[in-house]
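Trainee: By the UniProt record's numbering, the letter at position 566 of the sequence shown is numbered 566, and the numbering carries on one by one without gaps. Below: one structure in structure tokens.
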Amino acid sequence: MSGAVLLAVAAAIGSFLQGWDNATIAGSILYIKREFNLETKPTMEGLIVAMSLVGAVLITTCSGAIADWLGRRPLLITSSVLYFVSGLVMLWSPNIYVLLLARLLNGFGVGLAVTLVPIYISETAPPEIRGLLNTLPQFTGCVGMFFSYCMVFGMSLMSSPTWRLMLGVLSIPSILYSILTIFYLPESPRWLVSKGRMLDAKRVLQRLRGQEDVSEEMALLVEGLGVGGETSVEEYIVGPANELAEDQEPSAQKDQIRLYGPEQGHYLVARPVTGQSVLGIASRQGSTFAHMPLMDPVVSLFGSVYEKLPDAGSKGSMLFPHLGSMFSVAGNQTKTEEWDEENLAIEGDDYASEAAAEESDDNLQSPLISRQTTNLEKDMVPPPSRGSIFSMMQGNDGEPIGSAGIGGGWQLAWKWTERESDNEKDGGFKRIYLHESGAQGIRRGSLVSLAGGDKPAAGEFVRAAALVCQPALYSKDLMDQHPIGPAMIHPSEASGKGPSWGDLFEPGVQHALIVGVGIQILQQFSGINGVMHYTPQILEQAGVGVFLSNLGISSASASLLTSAITNFLMLPSIAVAMRLMDISGRRSLLLGTIPILIIALIGLVIGSLVTMGTVAKAAISTVCVVLYLCSFVMGFGPIPNILCSEIFPTRIRGICIAICALVFWIGDITITYALPAMLSSIGLAGVFGIYAIVCVISWIFVFLKVPETKGMPLEVISELFALGAKQAAAAANN
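Written as structure tokens, this is what we have:
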């Protein structure tokens, strides 16, 4: 996974520069006021600080649409160049108006970075470590603030500190960011697929995954072009073909799917469970979420799937019981090449149209667009994994604990269903996302209490939850316009439909926007700005200021040093969050850390209202502030941006995350300028009391509205949102 990790680290430098700039302007404004005599002009002082926010808001309004039009990489390059140019202009700044222009350019760079970095990381990261990598911007931003505060503190100890140098140093790390974005970062493979550039996407994936065969992930990315169709949740039994063939009627063979591995003649069979699905029953009766009357159906759907899925890291939790033989690991290239040649021989060469010939390649057309469906028992084969990044991983006892496929233990397959009407045969393809179900009563070696009267059989079986929908490449409208054959159209034609504002009104997208916008608003009003504003005063009461003054450090320098200490204290907590993001999950971290925020805020309220000794008050306030900050950066800090980068379909992901980022910036500006007025009107205790109430509302919102997305491919998340939104609409109509 080193390719995706290095790309995420390189992209996260944009957040490092954002944190660096936030800290330098906070320290240098003290010296800017002196030079331009702004002590009596608080409006101009506030404008210098806020001009970066203004630039971020302005650029965010259009960055999403541009990102979906031109791509992620060009905007990341633009962001790096803006950082560099703004740093040089701030270093020069002969007057306050040039400084304001430089701050505006800097805001443009910040806005692009905040919008594009999470998108880029999510679209290039494997599902298993996507949460970890998307927490990197929070970590690098905090590191940038720490080093910047240390730099400004060191300069403040000089006999004549210069604010121009403090601000201009930003251009030095931005040079590295510019070099990386121009010469190292590739375009997002998901964006390339959305534009029909299949070969370019394949090359990027090969570089990211460090392997030649990326057909599985290419298939997933192509399927991401079609989200929101008629989707159903079904259940399949997966096992060896000879075991499932026993006591099976011939008619049942039409519904089964063969799941091929790299060895000739070696495959598993997935067969639909007849009768009522255990998953469906569980989601209505056995699910913890089903008993909550106000619970969003989207959360219930995600929750029921996760309740039925075994822990991805647990022993024996995998879709295929013989992963070592069913899906190759590094070293099986020879056998897989022979297997692919056999598939190609069956397919023929008439798949691609002449117009799309340049965009096709063997790895994509076999077996992504397979003609076997019409010749070999009506089944479609998922691509064999050749040393895939999702290939099995060995646990301490040597037993596989992961799964091959499209990531997170999910498998992608297709099925051809045939219907007869008026003596004519008609049919259609179905796309199926499979994941092992951990339903109670089902275990390897036996089939217990199967719905619909299935008989127990010997052998190894697993039960799999399945999302069944029409494939992105099986569009009847496009096939009427460009008939290519009985199978599927070319991926480049499926990507012909670009993003449009009308897509925002699709039920699944609307539901995701409610989650994204809601959690961004609540994050801004949860109190982080107020606590950060109050932290230097808390540390001063704790005696840090007295200690530093005894060392001969001025009050301005002491304030900078305490800010550096505050940011340093948050780094270990962010590191813990990076570790837990893909283990505990986003939803679990939010539900676990928000109560700590509430407790810390209540403690600050008590410390402000109750009369107590100076030492006791300082101790309580310090503990509460540290507790709040450490809990915030573990949950409410990084997770809103992570969720917003995961829950939207590829074709409009840029537009949607820009809307969420715009809400973020507007909330940031509102809180920043409302805080002084709130402090003067209701006092510190009243402000923290309001923040505590908002955190209570946030916990309720997360519990009722925010689903768990850890380990899921982005395309599966979008499909579940679309399905859950339709269930919500149906429930509302009933």
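C-beta atoms are modelled at their ideal positions from N, C-alpha and C, and glycine is treated no differently. Treat the numbers as computed from the prediction; the structure is a model and nothing was measured.
Tyr184 by DSSP, collapsed to three states: which one?
Mentor: If DSSP states are grouped into helix, strand and coil, Tyr184 belongs with coil.
Trainee: For the candidate residues Ser156, Pro189, Gly229, whose alpha-carbon lies nearest to that of Val468?
Mentor: The option with the nearest alpha carbon to Val468 is Gly229.
Trainee: If contacts are defined as beta-carbon pairs under 8 Å, then Phe16 and Gly144 qualify, I think. What distance do you get, rounded to the angstrom?
Mentor: With a Cβ gap of about 4 Å, Phe16 and Gly144 count as contacting.
Trainee: Residues in the same chain with beta-carbon distance under 8 Å from Gln206, minus the five sequence neighbours each way, listed in chain order, please.
Mentor: Answer for Gln206: Glu212, Val214, listed in chain order.
Trainee: Taking the beta carbon of Ser500 as the centre, do at least 16 other beta carbons fall within 10 Å, making it buried, or is it exposed?
Mentor: Under this definition Ser500 is an exposed residue.
Trainee: Give me the residue from Ile657, Glu45, Gly711, His435 with the minimum Cα distance to Thr60.
Mentor: Checking every option, the nearest Cα to that of Thr60 belongs to Ile657.
Trainee: Rank Phe525, Ala8, Cys695, Leu679 by C-alpha distance to the C-alpha of Gly592 and give the top, closest one.
Mentor: Taking only the C-alpha atoms, the option nearest Gly592 is Cys695.
Trainee: At a Cβ threshold of 8 Å, is Ile652 touching chain B?
Mentor: In the displayed structure, chain B is absent; only one protein chain is listed.
Trainee: Looking at the unbroken alpha helix (DSSP H) that takes in Val227, where does it start and where does it end?
Mentor: Careful: Val227 lies outside any alpha helix (DSSP H) and carries neither H nor E.
Trainee: CA-CA distance, Thr336 and Lys195?
Mentor: With a pLDDT of only 36 at Thr336, under the threshold of 50, the placement of this residue in the model should not be trusted, and no figure is reported.
Trainee: Please state whether the Cβ-Cβ distance between Tyr83 and Gly55 is less than 8 Å.
Mentor: It is not a contact, given that the beta carbons lie outside the stated cut-off.
Trainee: From Ala677, Arg651, Ala575, Leu684, pick the residue whose C-alpha is nearest to that of Val633; which is it?
Mentor: Nearest of Ala677, Arg651, Ala575, Leu684 to Val633, Cα basis: Ala575.
Trainee: Could you check where the beta strand (DSSP E) with Pro272 kicks off and where it finishes?
Mentor: Where Pro272 is concerned, the enclosing beta strand (DSSP E) stretches over 267-272.
Trainee: Classify Pro94: buried if its beta carbon has 16 or more other beta carbons within 10 angstroms, exposed otherwise.
Mentor: Looking at its Cβ environment, which holds fewer than 16 other Cβ atoms inside 10 Å, Pro94 is exposed.
Trainee: Using DSSP with H/G/I as helix, E/B as strand and the rest coil, what is Glu217?
Mentor: Looking at Glu217 - three-state DSSP - the assignment turns out to be helix.
Trainee: Determine the burial state of Gly683: buried for a count of at least 16 other Cβ atoms within 10 Å of its Cβ, exposed for fewer.
Mentor: Result: exposed.
Trainee: Go ahead and pull the three-state DSSP assignment for Ser77.
Mentor: Checking the sequence, you will find Ile at residue 77 rather than Ser. DSSP places Ile77 in helix when its eight states are reduced to three.
Trainee: Taking buried to mean at least 16 other C-beta atoms within 10 Å of its own C-beta, is Lys41 buried or exposed?
Mentor: Lys41 should be labelled exposed.
Trainee: Of the choices Asp668, Pro707, Phe701, Lys726, whose alpha-carbon is the least far from that of Ala50?
Mentor: When each option's Cα is compared against that of Ala50, the closest is Asp668.
Trainee: Let me check one thing: in DSSP terms, what residues is Leu259 bridge-paired to?
Mentor: Leu259 pairs with Leu268.
Trainee: Label Gln520 either buried or exposed according to how many other C-beta atoms from any shown protein chain fall within 10 Å of its C-beta, with 16 as the threshold for buried.
Mentor: Buried: at least 16 other Cβ atoms inside 10 Å.
Trainee: Select from Arg651, Trp665, Ile639, Ala661 the residue whose C-alpha is nearest the C-alpha of Arg130.
Mentor: Closest by alpha carbon: Ile639.
Trainee: Quickly, what does DSSP pair Ala577 with across the bridge? List them, please.
Mentor: DSSP lists no partner for Ala577.
Trainee: Applying the criterion that 16 or more other CB atoms from any shown protein chain within 10 Å of the CB defines a buried residue, is Phe688 buried or exposed?
Mentor: Phe688 should be labelled buried.
Trainee: Work out the CA separation of Arg587 and Gly516 for me, nearest whole Å.
Mentor: So the two alpha carbons sit approximately 13 Å from each other.
Trainee: Hey, how far is the Cα of Ile666 from the Cα of Gly303?
Mentor: Cα to Cα, Ile666 sits roughly 32 Å from Gly303.
Trainee: Short check: CB of Asn106 to CB of Ile121, under 8 Å?
Mentor: Against a cut-off of 8 Å, the Cβ pair of Ile121 and Asn106 comes out as no contact.
Trainee: Out of Ala8, Ile66, Asp21, which one is the CA nearest neighbour of Arg653?
Mentor: For the residues Ala8, Ile66, Asp21, the minimum Cα distance to Arg653 belongs to Ile66.
Trainee: Just verifying my parser: in three-state terms, what is the DSSP assignment at Lys415?
Mentor: Three-state result, Lys415: strand.
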